[in-house]
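Read through the structure below, which is laid out as structure tokens, and then see the notes.
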Amino acid sequence: MANFLIEFIGSQPLISIILISFLISLFFTWLYKKTSNQERIKELKKKQKELQEKMKSQKNEPEKMLETQNEMLNLSSEMMKLSMKPMLISMVPVIIIFPILGWLYTTAGVGNIMPWNFYVWGLCDWRLTKGLCNGAGWFLSYIIFSLIFSPILRKMMKAE
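Take the sequence shown: its letters are residues 1 to 160, numbered as in the working numbering.
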């Protein structure tokens, strides 16, 4: 199995990272939907929209606006609590998956998946950013494609 993956990654690095990004995003979206209280999140988002409208109408009343802001802050705090459980659960697969992906792409000899050529004076000379000046490796490519796939999958799966 590992040899097949290494050969596939080595011969089709762009297609492999697109596929891997899609599958991981699909898994994490599914995991988020199953481990979070979707009904409560929908209620809180609806309430937030109502409070935002209320705040717009209270522009000239600072005391009422402050009360509404405090309500918004409480809602945000509850939303954060609701999202902590899925986030903590998803850390376990991340800790397992990313070192394996790093090993697979390194073993396959893949350098930059999405090459570009630009030079920003000074930036490309820094040790930490030197690799960014000639393209995106597997990790940056994964992030880019995940940022594309995640919102689409959330809408398709109706995950709040």
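Quick reminder that beta carbons are idealized off the backbone N, C-alpha and C, glycines included.
Nothing here was measured: the structure is a model prediction, and the numbers come from that model.
In the assembly as shown, Val110 is a buried residue. Its beta-carbon has 16 or more other beta-carbons within 10 Å.
Ranked by how close their Cα comes to the Cα of Lys81, the residues Pro115, Ser36, Asn112 have Ser36 in first place.
Secondary structure at Met1: coil, using DSSP grouped into helix, strand and coil. In this structure the region 22 to 31 lies against the region 137 to 150, because at least three pairs of beta carbons, one per stretch, are closer than 8 Å. If you ignore the 5 residues before and after Gly102, its C-beta comes within less than 8 Å of the C-beta of Trp138, Phe139, all in its own chain and listed in chain order.
Cβ-Cβ separation between Lys33 and Ala159: approximately 4 Å, consistent with a contact (criterion under 8 Å).
DSSP places Gly109 outside both helix and strand once states are collapsed to three, so it counts as coil. Here Leu5 is not near Pro86, since their CB atoms are 8 Å or more apart. Here the alpha carbons of Tyr142 and Glu78 stand approximately 30 Å from one another. Of the residues Met157, Met156, Ser146, the one whose Cα lies closest to the Cα of Leu19 is Ser146. By the neighbour-count criterion, in which a residue is buried when 16 or more other Cβ atoms sit within 10 angstroms of its Cβ, Ile100 is exposed. Taking C-beta atoms as the reference points, Leu75 and Gln52 fail to come closer than 8 Å.
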